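> Residue numbers (my numbering), protein chains in the order written: chain A, 22 to 172; chain B, 1268 to 1471.
For every residue, glycine included, the Cβ atom is placed at its ideal position computed from N, Cα and C.
The structure presented is a predicted model; accordingly, all values stated were derived computationally and were not measured.
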Amino acid sequence: MKPGKIEKMLLLEQTGELTAKQRRRLTRELAVSGNARRMRDELNTISKAIVENDTAPDPWAARRIDSRLRAEKTPARTVVRLLKPVFALAACLLLATGLWTFHGKQNPSVSDVVSVTAELNVWNDPLEEDMSELENLILAISGDPLDIMEI
Amino acid sequence: MKTVGRKTTRMDDEDAKLLAAYRKGDAEALGTLVEKYKRPLFGFILRISEGREDADEVFQEVWVRAIKNMNRYRQKNLLSWLFRIAHNLMIDRVRRRKPVLSFETPATEGGIAVGELLAASQPGPDRETGGRDLGARIESAAAGLPIEQREVFWLRMQAGLSFREIAKIQKCSINTALARMQYAVSKLRKELAGDYRDLQEAGS
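1. Glutamate 34(A): buried (16+ other C-beta within 10 angstroms of its C-beta) or exposed?
2. Between serine 1453(B) and aspartate 1282(B), what straight-line distance do the alpha-carbon atoms span, to the nearest angstrom?
3. Let me know if alanine 52(A) comes out buried or exposed under the rule of 16 or more other beta-carbons within 10 Å of its beta-carbon.
4. Under 7 Å between beta-carbons, which chain A residues line up against leucine 1345(B)? List them in chain order, please.
5. Just the chain B side, please: which residues come within less than 8 Å of lysine 26(A) by C-beta, in chain order?
6. Between alanine 92(A) and chain B, is there a C-beta pair that is closer than 8 Å?
7. Does the region 1425-1432 of chain B come into contact with the region 1327-1340 of chain B, if we say contact requires no fewer than three beta-carbon pairs (one atom in each stretch) closer than 8 Å?
8. Extract the residue ranges of the alpha helix (DSSP H) inside the region 1429-1453 of chain B, only unbroken runs of 4 or more that lie entirely within it.
9. What does the Cβ neighbour count give for valine 135(A), buried or exposed, with the cut at 16 atoms within 10 Å?
10. Any beta carbon of chain A sitting closer than 8 Å to that of valine 1419(B)?
11. When the cut-off is 8 Å and only beta carbons count, does proline 78(A) lie next to chain B?
12. Between aspartate 1314(B) and the rest of its own chain, which residues show a CB-CB distance below 6 Å, the 5 nearest in sequence each way excluded?
13. Under 8 Å between C-beta atoms, does glycine 1318(B) make it to chain A?
14. Out of Leu1455(B), Ile1441(B) and Leu1401(B), point me to the one whose CA is closest to glycine 1411(B)'s CA.
15. Can you give me the start and stop residues for the alpha helix (DSSP H) that leucine 1323(B) sits inside?
16. Where does the unbroken alpha helix (DSSP H) through glutamine 1425(B) begin, and where does it stop?
17. Name, please, each residue of chain A whose Cβ falls closer than 7 Å to the Cβ of valine 1361(B).
18. Is it true that the region 1435-1454 of chain B meets the region 29-46 of chain A, where meeting means three or more beta-carbon pairs spaced less than 8 Å apart?
19. Is the separation between the beta-carbon of leucine 1297(B) and that of isoleucine 71(A) shorter than 8 Å?
20. Under 9 Å between beta-carbons, which chain B residues line up against leucine 32(A)? List them in chain order, please.
21. Please report the distance separating the alpha-carbon of glutamine 1437(B) from that of leucine 1356(B).
22. Do lysine 1305(B) and proline 78(A) count as a contact pair if the criterion is CB distance below 8 Å?
23. Can a CB atom of chain B be found closer than 8 Å to the CB of lysine 29(A)?
24. Along the chain, where does the alpha helix (DSSP H) containing leucine 1345(B) start, and where does it finish?
25. How big is the Cα-Cα spacing for arginine 1364(B) and glutamate 1406(B)?
26. Assign serine 1440(B) to buried or exposed, taking buried as 16 or more other Cβ atoms, counted over all protein chains shown, within 10 Å of its Cβ.
27. Quick test of your reading: alanine 1322(B) and isoleucine 1334(B), contact by CB under 8 Å. State the CB separation rounded to the nearest angstrom.
28. Using the C-alpha atoms, what's the distance from leucine 110(A) back to glycine 119(A)?
29. By how many angstroms is the C-alpha of isoleucine 1358(B) removed from the C-alpha of cysteine 113(A)?
Pasting the structure below:
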């Protein structure tokens, strides 16, 4: 058997996860292979040398955990958590309304266009009249249409 | 080595009762639970975290997460589940950190690997006589292993979990968990080559 395979079986033997068939195979291997026995000794030695960890957590750990859990359950937080979907829905509605309004303005109706044009005409007509009056005045003064171009 | 090959599929009745009592407002019940699992859990966390303070923080966070999500995991073994939460927390923390150090990672510009530095900083065999010192030597050497291998090593050696349980915690196959353990043992074997005789003597 390959050393890697033997090592895997030895590791599984330590945890009691070997099948009966694998156990028989490993027993045979250990009986004939010095390398397999050396590997098993090595693993056992490492296991035995592991120091029991005496370090304990903060003695107030349970209190701190409890405080954290209670703090997270306070009514204010609970209300905020319950209202979260409401806020999300309101935000969605606001966004949808905004988008709808924006698109509505992007595609104005015929009546909107007519009213805007009429409004412009109200401003443009007196201006044009004033301009032509000014033109006539200049013509009357100079008597030569070319002078207007120069002016 | 402790508890080998434990069958852990359902939450202990006592744990379930303590949790129910805590939910009803009995803070002492939580204290009893924390006390019950503090050694294996804190020992594991301490060995894969960045020191005592970090370990305390992770330990508390594990319990907070466990209790907050208890409804989802009613049918599982509590300790395995605590280990799983600890594993997820540590993986997140490692990912948030920049480089991951391993034995192969050059630690200096000269390209000296972490393992070499670690070996050089350790006292020689002549200064170590008892099994406890050798255990500490193993602990120092294991600290340089990549997180997945270190986790498997300590879950197996210290917490006494089976490979099936370790595979569940790490969300991998049993073969992967076994392979990680083999890598860990192989690297420790190289690291501790000089002390191996001492190890055997201490172990026998």
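Result, derived from the coordinates:
1. On the first sequence, position 13 is the one that residue 34(A) refers to. Under this definition glutamate 34(A) is a buried residue.
2. Taking the first residue of the second sequence as 1, we reach residue 1453(B) at position 186. Taking the first residue of the second sequence as 1, we reach residue 1282(B) at position 15. Near 38 Å, if we compare the C-alpha coordinates of aspartate 1282(B) and serine 1453(B).
3. Here residue 52(A) refers to the residue found at position 31 when the first sequence is read from its first residue. When all chains shown are included, alanine 52(A) counts as exposed.
4. Counting from 1 along the second sequence, the entry for residue 1345(B) is found at position 78. Result: empty, since nearest Cβ-Cβ is about 14 Å, beyond 7 Å.
5. Taking the first sequence and counting its residues from 1, one reaches residue 26(A) at position 5. Here the premise fails: no neighbours, minimum Cβ distance about 10 Å.
6. For the purposes of this step, residue 92(A) is identified with residue 71 of the first sequence, where counting begins at 1. Judged by the 8 Å Cβ criterion, alanine 92(A) is not in contact with chain B.
7. no
8. 1430-1437
9. Residue 135(A) sits at position 114 when you count from the first residue of the first sequence. Flag for valine 135(A) reads exposed.
10. Locating residue 1419(B) in the second sequence gives position 152, where the first residue counts as 1. Chain A, which has no Cβ nearer than 8 Å to the Cβ of valine 1419(B), makes this no.
11. Numbered from 1 along the first sequence, position 57 holds the residue referred to as residue 78(A). Output row for proline 78(A): interface = yes.
12. Counting from 1 along the second sequence, the entry for residue 1314(B) is found at position 47. The identity of residue 1314(B) in the sequence shown is arginine, whereas the question assumes aspartate. The answer, listed in chain order, is Trp1421.
13. As a working note, residue 1318(B) is residue 51 in the second sequence. No - not a single Cβ of chain A is within 8 Å of the one on glycine 1318(B).
14. In the second sequence, the residue the question calls residue 1411(B) occupies position 144. Considering only alpha carbons, the answer is Leu1455(B).
15. Along the second sequence, read from residue 1 onward, the residue named residue 1323(B) stands at position 56. According to the sequence shown, residue 1323(B) is aspartate rather than leucine. First-last of the alpha helix (DSSP H) with aspartate 1323(B): 1319-1335.
16. Taking the second sequence and counting its residues from 1, the one referred to as residue 1425(B) is at position 158. Here glutamine 1425(B) belongs to no alpha helix (DSSP H), and DSSP marks it neither H nor E.
17. Here residue 1361(B) refers to the residue found at position 94 of the second sequence. Near valine 1361(B) there are no residues of chain A at all, since even the closest Cβ is about 21 Å away, more than 7 Å.
18. yes
19. The residue labelled residue 1297(B) in the question sits at position 30 within the second sequence. The residue labelled residue 71(A) in the question sits at position 50 within the first sequence. Against a cut-off of 8 Å, the Cβ pair of isoleucine 71(A) and leucine 1297(B) comes out as no contact.
20. Locating residue 32(A) in the first sequence gives position 11, counting from the first residue. What leucine 32(A) touches in chain B: Arg1423, Phe1430, Leu1445, Met1448, Gln1449 and Val1452.
21. What you label residue 1437(B) is simply residue 170 of the second sequence in a count that begins at 1. What you label residue 1356(B) is simply residue 89 of the second sequence in a count that begins at 1. One C-alpha to the other measures close to 12 Å.
22. Sequence index remark: in the first sequence, residue 78(A) carries index 57 (1-based). Sequence index remark: in the second sequence, residue 1305(B) carries index 38 (1-based). Contact flag set, yes.
23. In the first sequence, the residue the question calls residue 29(A) occupies position 8. Closer than 8 Å: yes.
24. Numbered from 1 along the second sequence, position 78 holds the residue referred to as residue 1345(B). Unbroken alpha helix (DSSP H) run through leucine 1345(B): 1345-1363.
25. Counting from one through the second sequence, the residue named residue 1364(B) turns up at place 97. Counting from one through the second sequence, the residue named residue 1406(B) turns up at place 139. Each residue's alpha carbon lies about 22 Å from the other.
26. Translated into the one-based positions of the second sequence, residue 1440(B) becomes position 173. It is exposed - the Cβ of serine 1440(B) has fewer than 16 other Cβ atoms within 10 Å.
27. Residue numbering aside, residue 1322(B) sits at position 55 when the second sequence is read from its first letter. Residue numbering aside, residue 1334(B) sits at position 67 when the second sequence is read from its first letter. Alanine 1322(B) to isoleucine 1334(B), Cβ: 19 Å. No contact.
28. Here residue 119(A) is taken as the residue at index 98 of the first sequence, counted from 1. Here residue 110(A) is taken as the residue at index 89 of the first sequence, counted from 1. Distance between the alpha carbons of glycine 119(A) and leucine 110(A): 14 Å.
29. Walking along the first sequence from the start, residue 113(A) turns up at place 92. Walking along the second sequence from the start, residue 1358(B) turns up at place 91. Looking at the two C-alpha atoms, the distance is approximately 36 Å.
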